[in-house]
Every structure is written in C-alpha cells, then in structure tokens.
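Chains as they are written, first to last, in our numbering: chain A, 1 to 251; chain B, 252 to 444. Here's the structure we're looking at; comments come further down.
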Amino acid sequence: MLAKRIIPCLDIKNGRTVKGVNFVDLRDAGDPVELAEIYSAEGADELVFLDISATEERRKTLVNMVRSVAEKINIPFTVGGGISSVEDVEILLNNGADKVSINSSAVKNPQLINDLAQKFGSQCVVVAIDAKQIDGQWIVHLVGGKVPTELNLFDWAVEVAERGAGEILFTSMDNDGTKNGFANEALAKLSALINIPIIASGGAGNIQHFVDSFKVGKADAALAASVFHFKEIEIKALKQELRKNDIEVRL
Amino acid sequence: MKIVIINYGAGNIQSIMFAIERLGFKAVLSNNKEEIQAADKVIFPGVGEASYAMGKLKESGLDTLIPTLKQPVFGICLGMQLMCNKTEEGNTKGLGIFDVDVIKFSNKVKVPQMGWNQIYDLKTDLFSGISENEFMYLVHSFYAPNCAEAIATTNYDVEYASALHKDNFYGTQFHPEKSGDVGEKILANFLKI
Numbered sequence: 001m002l003a004k005r006i007i008p009c010l011d012i013k014n015g016r017t018v019k020g021v022n023f024v025d026l027r028d029a030g031d032p033v034e035l036a037e038i039y040s041a042e043g044a045d046e047l048v049f050l051d052i053s054a055t056e057e058r059r060k061t062l063v064n065m066v067r068s069v070a071e072k073i074n075i076p077f078t079v080g081g082g083i084s085s086v087e088d089v090e091i092l093l094n095n096g097a098d099k100v101s102i103n104s105s106a107v108k109n110p111q112l113i114n115d116l117a118q119k120f121g122s123q124c125v126v127v128a129i130d131a132k133q134i135d136g137q138w139i140v141h142l143v144g145g146k147v148p149t150e151l152n153l154f155d156w157a158v159e160v161a162e163r164g165a166g167e168i169l170f171t172s173m174d175n176d177g178t179k180n181g182f183a184n185e186a187l188a189k190l191s192a193l194i195n196i197p198i199i200a201s202g203g204a205g206n207i208q209h210f211v212d213s214f215k216v217g218k219a220d221a222a223l224a225a226s227v228f229h230f231k232e233i234e235i236k237a238l239k240q241e242l243r244k245n246d247i248e249v250r251l
Numbered sequence: 252m253k254i255v256i257i258n259y260g261a262g263n264i265q266s267i268m269f270a271i272e273r274l275g276f277k278a279v280l281s282n283n284k285e286e287i288q289a290a291d292k293v294i295f296p297g298v299g300e301a302s303y304a305m306g307k308l309k310e311s312g313l314d315t316l317i318p319t320l321k322q323p324v325f326g327i328c329l330g331m332q333l334m335c336n337k338t339e340e341g342n343t344k345g346l347g348i349f350d351v352d353v354i355k356f357s358n359k360v361k362v363p364q365m366g367w368n369q370i371y372d373l374k375t376d377l378f379s380g381i382s383e384n385e386f387m388y389l390v391h392s393f394y395a396p397n398c399a400e401a402i403a404t405t406n407y408d409v410e411y412a413s414a415l416h417k418d419n420f421y422g423t424q425f426h427p428e429k430s431g432d433v434g435e436k437i438l439a440n441f442l443k444i
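Rendered as structure tokens:
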C-alpha cells in the first residue's frame with residue numbers, strides 16, 4: 001500500500017536553516033545539508049525547504065544549497081519560496097530538486113501552474129495554499145497569512161488541481177503555531193473534493209495530531225517543523241505509533 | 252566502467268548523477284550515439300510528459316538507437332514507460348522494447364500516485380539482496396499493467412508492473428535514486444549486471 005508521508009519542513013535564509021533547532025549532535029545547527037541527512041536517516045519520507053531570504057543573491061545561494069542537498073541525500077525534496085517563473089523552476093530542478101512549491105506567484109498568475117505542469121510534469125508542481133477562516137469561510141492568504149485574497153480555499157484548490165498541480169500543501173493559518181492539531185475538517189473536505197495528494201500543515205503538537213490528520217483529515221502526508229526541530233517528536237517513534245494505529249508508513 | 256546517462260532534455264538527471272557518485276562511480280551525460288554505444292552501462296531517465304519526451308528522443312535520433320543497444324540499459328520512471336509499446340499519455344508510441352501498453356490509473360485513487368509504496372514478487376539480479384515489500388519512491392499517473400516481463404509488482408488501484416526486464420533491458424517505475432539506501436542498492440545491482 002502507498003504509505004502516508006511524514007515531511008519535516010526547514011526554513012532557509014541565505015542558505016542557512018533559520019528556526020532554532022535542538023539537535024545537540026549537530027556540528028553546525030544552521031547547515032541545511034547536515035540537518036537533511038539526519039532527517040533522512042531518521043526516516044523522513046521527504047523534505048521541504050522553504051526559502052525566506054530576500055537578498056539579491058538569494059537565487060544563487062538557494063541553487064547552491066539545492067545542489068549540496070541533492071548530492072548528499074537520497075530521498076525526495078521540495079523547494080519553495082519566492083519562485084515565480086518557469087526559469088526559476090528549471091534551474092532548481094536541474095540542480096537536483098524533485099519538486100517546487102509555489103504560493104503567491106500562483107495566486108497572482110495562475111497560468112504559471114499550467115506552464116510548469118506542461119513543461120516539467122505535474123509530479124513536480126506543488127501548490128502551497130495558506131488559508132484561515134474569516135466569518136466561517138476559509139480564505140486564501142498571502143505573505144505568510146498576512147494578506148487576505150478574494151479566493152475561497154476550496155474553489156482555489158479545485159482550480160489549481162485542474163490547472164495541473166500534482167499536489168497541494170495546505171497550511172491552516174488558524175492552526176499554525178498552536179500545537180493543537182491540524183485543520184482536519186478542512187483537510188477532509190479538500191481530500192473529498194480533489195483527486196491529487198494533500199499535504200497537511202499547521203498545528204502539529206503531538207503524535208495523536210498526526211494520527212488524526214490521516215484518519216480524520218484524510219491527508220496523504222503531514223508536514224511539521226518545530227516539533228521535529230526541537231525533538232519533541234522523533235520521526236521513528238511517530239511512525240511506529242502510526243503503524244500501531246493501522247496507518248501505513250515506511251519503517 | 253563507463254556509465255552514460257542519456258541526456259535528451261527530459262527530466263531530472265542531476266539526482267541520478269549524484270546517486271551514481273555516492274556509489275563511487277562517475278557517469279557522463281550524453282546524447283551522442285557513438286558515446287552511448289560505447290558505454291558499459293546506459294541509464295535512460297525521464298520525468299515529465301510522454302509525448303514531449305518522445306519528441307525530444309526523436310529529435311536526436313535516439314529512438315532508433317536505444318532498442319539496438321547490447322549493453323545493460325536501465326530506464327527509470329518515464330524512461331521505463333517509453334521503453335514499452337505505447338502509452339496513453341499523449342497517445343504516444345514507445346520504443347517497443349517491453350511488450351506492454353502503459354495506461355492511466357483510474358479515478359478511484361488519487362492521481363498521481365505520489366510517495367512510497369512496496370515492491371514484491373521480485374525477480375532478476377536487479378533485486379539481488381533486496382527483501383520483498385521494501386518501500387520505493389514513486390511519482391506517476393500512468394502505469395504498465397502486470398505482464399510476462401514484470402520483475403516487480405506494486406499495488407495501487409491495481410497490481411501493476413513496477414519493474415520490467417527483457418534481455419539487456421531493465422526498467423523501474425520507481426526512482427532508485429530517491430528511494431533511500433535500498434534504492435541505491437538496486438542502482439548498485441544494476442551497475443554490477
């Protein structure tokens with residue numbers, strides 16, 4: 001059976017991991033390659049690197065990082081953050097990224113999804129959607145949840161799937177950082193509505209939250225950052241617990 | 252050992268290059284017919300859309316070369332699919348090495364299949380030392396149905412051929428270069444054939 005995936009997410013600034021990480025055995029806690037290797041060895045199924053740097057050098061730095069990661073690790077990884085053109089994607093894929101994740105640029109220019117799917121195949125196009133509830137409606141937000149759009153989460157998800165996205169990374173801004181669990185109701189609705197894989201993001205605090213994201217939220221994969229970085233949850237133990245709950249995982 | 256990765260402008264070849272380097276070998280990228288013919292091992296990668304990739308192969312005349320190769324050839328993902336008779340994707344005629352037609356998953360399952368799934372009923376030296384039911388990384392919307400040339404089976408929607416073999420030709424639907432240490436072992440096995 002196809003396994004449910006566990007995906008640690010690393011924030012990258014100027015080629016270095018940003019969020020404080022609590023790996024005592026790391027020689028260099030800011031080195032994305034070293035962290036990637038550790039997660040890979042612990043059983044992560046994929047990795048996501050989210051670039052949040054805003055310098056002119058950002059692209060060159062990011063490409064160098066992608067290359068170093070691809071050289072060292074043998075599991076798939078996605079790169080996101082500031083990607084806005086076919087050219088941006090081409091250079092990342094050519095340097096070893098398996099998938100790219102686009103967010104604001106897809107909202108501003110939805111045709112980009114079609115263009116990327118056509119040129120590189122849907123399998124490498126992840127559309128990230130950040131949303132939060134306003135008056136009971138799930139509204140898509142930009143700039144890390146700061147700027148609301150006119151778009152409804154579910155309408156937008158259907159559109160990106162139709163345009164050729166291979167996967168949706170849905171972050172609930174209501175849940176993100178709360179450690180109270182994923183937005184399972186919205187996740188389950190998304191999963192019923194569209195026929196491409198959904199990655200759950202935002203709200204992971206304990207192992208049961210992951211169980212719920214798969215059982216209740218029907219997610220295909222679950223992504224988290226701090227619970228892994230601070231070793232509050234170890235990936236191996238998490239996967240063993242998922243298996244005990246009859247959730248198929250790669251162990 | 253001279254390893255050539257066929258470079259025809261379709262797919263993520265860097266990951267395969269790096270995987271081969273991790274195994275302690277060096278590969279060269281080439282679309283040159285003489286260089287490909289002279290190689291000890293040929294890897295035929297592919298990611299993306301079938302008709303586009305087949306068009307690229309034809310542009311360089313590699314569509315007629317590949318079926319005539321005598322050394323071990325390893326098609327990965329779309330590379331494997333293009334080695335079949337035809338594929339439903341873009342209604343594309345393939346290289347006809349494997350006697351099977353590639354078709355699309357039904358909408359009873361999420362398409363593409365994306366992630367780690369198990370391989371079983373393993374045959375040939377490609378899987379030497381590999382246990383049954385190991386997880387491999389797959390990303391695909393089309394598949395080769397189970398057939399006489401299947402050397403690995405996977406279950407998604409249906410039981411299908413996740414690896415194929417005929418004479419000196421091997422193909423895997425999964426990405427050995429992205430399937431952890433077990434995937435690397437399969438790649439190493441191919442280099443020993």
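In this text, a Cβ means the ideal position worked out from N, Cα and C, and glycines have one as well.
Going by C-alpha positions, F120 (chain A) is about 7 Å away from E300 (chain B). Counted as a single uninterrupted DSSP element, the beta strand (DSSP E) harbouring Y421 (chain B) occupies residues F420 to T423. Under the criterion of beta carbons closer than 8 Å, G366 (chain B) and L2 (chain A) qualify as touching, at roughly 6 Å. Contact residues of the segment 102-124 of chain A toward chain B are A117, Q118, K119, F120, G121, S122, Q123 and C124 (C-beta to C-beta distance below 9 Å).
Restricting attention to B:T375, B:I271 and B:E400, the CA atom closest to the CA of I348 (chain B) is found in B:E400. At a cut-off of 9 Å between beta carbons, N342 (chain B) makes no contact with chain A. At a cut-off of 9 Å between beta carbons, M252 (chain B) makes no contact with chain A. Contact note: A270 (chain B) reaches chain A through N74, using a C-beta cutoff of 7 Å and chain order. Considered as a whole, the segment 380-405 of chain B harbours 385-391 and 393-396 as its complete beta strand (DSSP E) runs of no fewer than 3 residues, in chain order. If the five residues before and after F228 (chain A) are omitted, its C-beta is found closer than 6 Å to the C-beta atoms of P8, all from its own chain and listed in chain order.
Rounded to the nearest angstrom, the gap between the Cα atoms of A414 (chain B) and G145 (chain A) is 44 Å.
When secondary structure is reduced to three states using DSSP, M365 (chain B) falls in the strand class. The alpha-carbon separation between P396 (chain B) and F356 (chain B) amounts to approximately 10 Å. When C-alpha distances from L316 (chain B) are compared across B:E285, B:P427, B:G422 and B:R273, the shortest belongs to B:E285. Taking 7 Å as the upper bound on Cβ-Cβ separation, chain A lies near residues V298, G299 and E300 of the segment 286-320 of chain B.
Contact annotation for V390 (chain B) against chain A: Q123 [CB-CB distance below 7 Å, chain order]. Per DSSP, E300 (chain B) lies in no alpha helix (DSSP H) and is assigned neither H nor E.
Taking 4 residues as the minimum length, the alpha helix (DSSP H) runs contained wholly in the segment 28-100 of chain A are 32-42, 58-72 and 86-94, in order along the chain. Nearest in C-alpha terms to E46 (chain A), of all of A:A183, A:I83, A:R5 and A:I52, is A:R5. Annotated as proximal: N419 (chain B) and P323 (chain B), with beta-carbon spacing under 9 Å.
Taking a cut-off of 8 Å on C-beta distances, the segment 98-105 of chain A touches the segment 79-89 of chain A, as three or more cross pairs fall below it. For N368 (chain B), the neighbours in chain A by C-beta distance under 8 Å run, in chain order, M1, L2 and A3.
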